[in-house]
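Residue numbers (this note's numbering): 1 to 479. Where is the CB? At the ideal position from N, CA and C, for every residue including glycine. Note that the structure is predicted; figures quoted are calculated from it, not measured. Everything below concerns the one structure shown next.
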């Protein structure tokens with residue numbers, strides 16, 4: 001038993017403990033019993049390596065349970081009451097059609113404030129708030145209460161009286177990135193009209209304000225809603241494709257790795273470095289590091305280690321944050337399924353200009369691993385999703401790069417922005433047209449009733465067995 005495999009078992013045990021505590025109530029006597037059993041195996045059978053490994057796995061399992069329960073113990077919901085306080089806006093304002101959501105930090109606690117659309121407030125503003133403090137609601141089809149709790153928000157205020165006290169009280173680096181993003185979008189809106197501008201802003205920063213309700217429905221029908229968010233799956237696929245393309249055009253693996261890391265870091269900074277993007281970027285880093293070393297099959301351990309570190313910091317992500325789940329699953333798909341699809345599509349050319357074989361295999365592998373969790377969470381099956389995504393996702397990396405070049409050029413030299421707006425508009429029109437066409441196909445969306453978690457477990461068990469069998473039969477041919 002190698003050291004890396006033992007380390008893998010330890011990480012899995014810790015994550016498993018968090019999962020068990022997330023889905024069921026673990027009583028203290030049971031935890032104590034598992035802990036004592038682990039210590040017993042280590043101390044009594046210390047000459048037997050396997051017994052020692054099992055003993056430590058039980059200790060890490062207990063540690064995972066304890067960490068999740070410790071996180072839950074910190075959640076304290078306040079009593080509903082009228083309140084007046086002064087706080088600082090600590091994240092970018094989430095502007096909706098008729099309102100704005102502000103995350104306000106007050107004495108170390110975050111409060112989500114839903115304010116009127118105008119006047120506008122920005123990150124770093126210090127404001128005085130007078131309103132009713134409430135506990136977030138848990139709806140039948142969406143546990144909004146838990147969704148906010150994973151981000152450390154345990155109370156909300158709706159439509160309070162707000163008074164601006166001071167500006168620029170936040171982190172200057174974060175303020176600069178948010179300012180850049182806003183100027184970038186303002187520049188793009190001068191050159192590109194709806195619905196294309198909606199896709200540009202969504203691909204650039206996950207901003208859905210440019211989409212009408214009709215277009216959001218079309219995205220849901222075609223299973224392409226993920227492109228309208230800074231999703232972990234998108235960032236993972238784009239990072240993988242950028243590095244693959246750099247290697248194909250002649251960069252050495254280390255050069256391609258450093259170039260991809262720089263581009264990925266710039267992208268995350270330019271969109272304001274949201275937590276979801278940072279987490280996805282960290283996982284993508286381990287994936288690209290494995291590509292750099294030419295050992296893609298070993299990337300799962302690095303990715304699992306990254307996930308373990310994230311869950312150590314915030315164990316509530318495992319079962320509540322769909323973005324975290326999609327990031328991890330997309331990477332597993334790229335690790336274990338992408339080489340299989342790459343071999344199956346060996347007759348497809350993979351030129352340096354556009355590596356079709358690589359992009360198609362990467363897109364399908366990530367989609368296959370992410371599909372069950374998407375169906376489970378959103379209660380519908382977009383039947384045409386594989387086809388639509390296969391025609392769109394391979395182009396996301398070059399389109400995203402083109403959007404950056406166009407936006408930055410337009411901010412510096414307006415005529416250059418006008419020139420580059422044409423190819424940008426053309427690519428965005430391609431995406432919009434495909435989504436419009438496929439959303440109009442009858443029965444494109446199969447709506448399901450509440451899906452039991454057993455179905456999800458069965459789906460991933462079957463997918464895991466199929467992937468294991470294909471790998472065992474030596475179906476992997478990388479080149």
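For residue i, the three-state DSSP class (helix, strand or coil)
i	result
residue 104	strand
residue 119	coil
residue 166	strand
residue 13	helix
residue 151	coil
residue 382	strand
residue 373	helix
residue 156	strand
residue 268	helix
residue 146	helix
residue 89	strand
residue 362	helix
residue 477	Unreliable positioning characterises residue 477 in this predicted model, as indicated by a pLDDT of 49, which lies under 50. The coordinate reading is nonetheless provided below. Looking at residue 477 - three-state DSSP - the assignment turns out to be coil, as it is neither helix nor strand.
residue 6	helix
residue 137	coil
residue 347	coil
residue 290	helix
residue 262	helix
residue 192	coil
residue 23	helix
residue 393	helix
residue 198	helix
residue 284	helix
residue 471	helix
residue 430	helix
residue 172	helix
residue 273	coil
residue 124	coil
residue 398	helix
residue 356	helix
residue 423	helix
residue 299	helix
residue 76	coil
For residue i: DSSP bridge partner residues
i	result
residue 130	84 and 161
residue 179	BP columns for residue 179 are empty, so no partner.
residue 94	101
Boundaries (first-last residue) of the beta strand (DSSP E) holding residue i
i	result
residue 114	109-116
C-beta contact flag for residue i and residue j at 8 Å
i	j	result
residue 373	residue 322	yes
residue 100	residue 91	no
residue 241	residue 388	no
residue 266	residue 331	no
residue 220	residue 396	no
residue 337	residue 369	yes
residue 82	residue 21	no
residue 467	residue 15	no
residue 51	residue 10	no
residue 290	residue 281	no
residue 95	residue 204	no
residue 124	residue 181	no
residue 157	residue 178	no
residue 334	residue 324	no
residue 210	residue 194	yes
residue 367	residue 398	no
residue 407	residue 202	no
residue 112	residue 153	yes
residue 222	residue 435	yes
residue 239	residue 260	yes
residue 71	residue 394	no
residue 227	residue 392	yes
Boundaries (first-last residue) of the alpha helix (DSSP H) holding residue i
i	result
residue 343	338-344
residue 413	Unbroken run through residue 413: none, as it is neither H nor E.
residue 69	49-73
residue 43	28-44
Residue i beta carbon near the ligand PLP (any heavy atom closer than 7 Å)
i	result
residue 200	In the structure shown, the ligand PLP is absent, as is every other ligand, since no ligand is present at all.
Which parts of the stretch 204-256 are runs of the alpha helix (DSSP H), unbroken and 4 residues or longer, counting only runs that do not cross its ends? 213-222 and 232-248
Output the residue ranges of the beta strand (DSSP E) runs that lie fully inside the stretch 435-466 and measure 3 residues or longer, sorted by chain position. 445-447
Would you list, in sequence order, the uninterrupted alpha helix (DSSP H) runs of no fewer than 4 residues that lie entirely inside the stretch 304-333? 317-320
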